[in-house]
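Engineer: In my numbering, the protein residues as written are 231 to 492. Beta carbons are placed, not taken as given, at the ideal position from N, Cα and C, and that holds for glycine. Note that the structure is predicted; figures quoted are calculated from it, not measured.
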């Protein structure tokens with residue numbers, strides 16, 4: 231009886247480590263304005279629900295009576311799994327901030343960064359606006375349920391303690407990092423292109439009318455054009471967000487398959 235209790239506690243600890251590390255990095259669950267107690271409590275409850283299903287598995291019984299050093303090693307493995315999954319999801323969402331940074335550089339908002347309560351850092355003004363819209367759409371489409379499903383599905387690909395580092399894992403992370411910049415560029419390109427054409431028009435105007443102070447009128451004109459274009463391309467941005475969410479789930483699936491060796 232005591233052995234069963236010890237095995238249950240060991241499996242619960244391993245499950246809690248993977249879930250907690252995942253929660254602290256992923257979008258929405260990892261937001262800084264969500265109290266740490268809430269995150270830990272949610273991770274604790276999910277781990278409590280998952281443990282009975284995993285205790286009777288081959289992986290769960292394998293570590294019954296494991297030594298202290300072996301248990302620490304397995305905990306580190308579970309920590310790396312949760313961190314890897316959380317980083318991939320966070321990288322994809324960071325594409326919105328990257329796109330906002332590109333736009334702010336063109337409009338002239340680069341000096342007007344605002345504090346982002348979700349990440350705890352300063353963020354581009356446009357990126358913060360688009361990120362808030364993306365998060366609302368993400369929650370409206372039950373995207374947080376998809377993240378939880380990916381986390382639970384990870385135990386099918388990666389049973390407890392089965393993680394083994396490989397070069398393919400690093401390749402997937404780097405690929406996700408490059409996808410982040412590509413998606414950010416796609417978000418920003420329509421607005422940046424219109425602002426570039428605005429700059430060209432202002433340059434032609436300054437040559438045609440030398441008496442006009444382009445630097446004085448240029449900034450408000452670029453701000454106006456930028457805000458109008460943000461409103462015009464908003465339907466396309468919403469459509470792009472749906473593709474971004476699918477990309478995130480696809481990258482998570484690829485990561486799980488690579489870590490699981492399938």
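Counting only C-beta atoms, is residue 407 closer than 7 Å to chain B at any point?
Structural biologist: No chain B is part of this structure, which consists of one protein chain only.
Engineer: Specify, as a first and last residue, the run of the alpha helix (DSSP H) that residue 386 falls within.
Structural biologist: Here residue 386 corresponds to residue number 156 of the chain shown, with the count starting at 1. 373–387 is the span of the alpha helix (DSSP H), which, as asked, contains residue 386.
Engineer: Would you tell me roughly how many angstroms separate the C-alpha atoms of residue 446 and residue 403, rounded to the nearest one?
Structural biologist: Translated into the one-based positions of the chain shown, residue 446 becomes position 216. Translated into the one-based positions of the chain shown, residue 403 becomes position 173. The straight-line gap from Cα to Cα measures roughly 45 Å.
Engineer: May I ask you to report which of helix, strand or coil DSSP gives residue 256?
Structural biologist: Counting from one through the chain shown, the residue named residue 256 turns up at place 26. In this structure, residue 256 counts as coil in the three-state DSSP scheme.
Engineer: Following the continuous alpha helix (DSSP H) through residue 264, name the residue where it begins and the one where it ends.
Structural biologist: Here residue 264 is taken as the residue at index 34 of the chain shown, counted from 1. Segment: none, residue 264 is in no alpha helix (DSSP H) and carries neither H nor E.
Engineer: Could you give the residue range of the alpha helix (DSSP H) that holds residue 358?
Structural biologist: Along the chain shown, read from residue 1 onward, the residue named residue 358 stands at position 128. Looking at the DSSP string, the run of the alpha helix (DSSP H) that includes residue 358 is 355–370.
Engineer: Compute the Euclidean distance between the alpha carbons of residue 435 and residue 336, then round it to the nearest angstrom.
Structural biologist: In the chain shown, the residue the question calls residue 435 occupies position 205. In the chain shown, the residue the question calls residue 336 occupies position 106. One C-alpha to the other measures close to 19 Å.
Engineer: On the DSSP letters alone, give me the boundaries of the alpha helix (DSSP H) that residue 390 sits inside.
Structural biologist: Position 160 of the chain shown, counting from 1, holds the residue named residue 390. Counting along the chain, residue 390 falls outside any alpha helix (DSSP H), and DSSP gives it neither H nor E.
Engineer: I believe residue 284 touches residue 364 by the beta-carbon criterion, under 8 Å. Please report the beta-carbon distance rounded to the nearest angstrom.
Structural biologist: One-based indexing of the chain shown puts residue 284 at position 54. One-based indexing of the chain shown puts residue 364 at position 134. Incorrect: roughly 33 Å between the Cβ atoms, too far for contact.
Engineer: Tell me whether residue 334 is buried or exposed, calling it buried when 16 or more other Cβ atoms sit within 10 Å of its Cβ.
Structural biologist: Reading the chain shown from its first residue, position 104 is the one you call residue 334. With 16 or more other Cβ atoms within 10 Å, it is buried.
Engineer: Quick check on residue 405: does DSSP put it in helix, strand or coil?
Structural biologist: Residue 405 sits at position 175 when you count from the first residue of the chain shown. Note: residue 405 maps to helix in three-state DSSP.
Engineer: Taking the beta carbon of residue 317 as the centre, do at least 16 other beta carbons fall within 10 Å, making it buried, or is it exposed?
Structural biologist: For the purposes of this step, residue 317 is taken as the residue at position 87 of the chain shown. It is buried - the Cβ of residue 317 has at least 16 other Cβ atoms within 10 Å.
Engineer: Just reading off the alpha helix (DSSP H) that residue 450 is part of, what are its end residues?
Structural biologist: On the chain shown, residue 450 is found 220 positions in, with the first residue counted as 1. 444–462 is the extent of the alpha helix (DSSP H) around residue 450.
Engineer: CA-CA distance, residue 414 and residue 303?
Structural biologist: What you label residue 414 is simply residue 184 of the chain shown in a count that begins at 1. What you label residue 303 is simply residue 73 of the chain shown in a count that begins at 1. So the two alpha carbons sit approximately 37 Å from each other.
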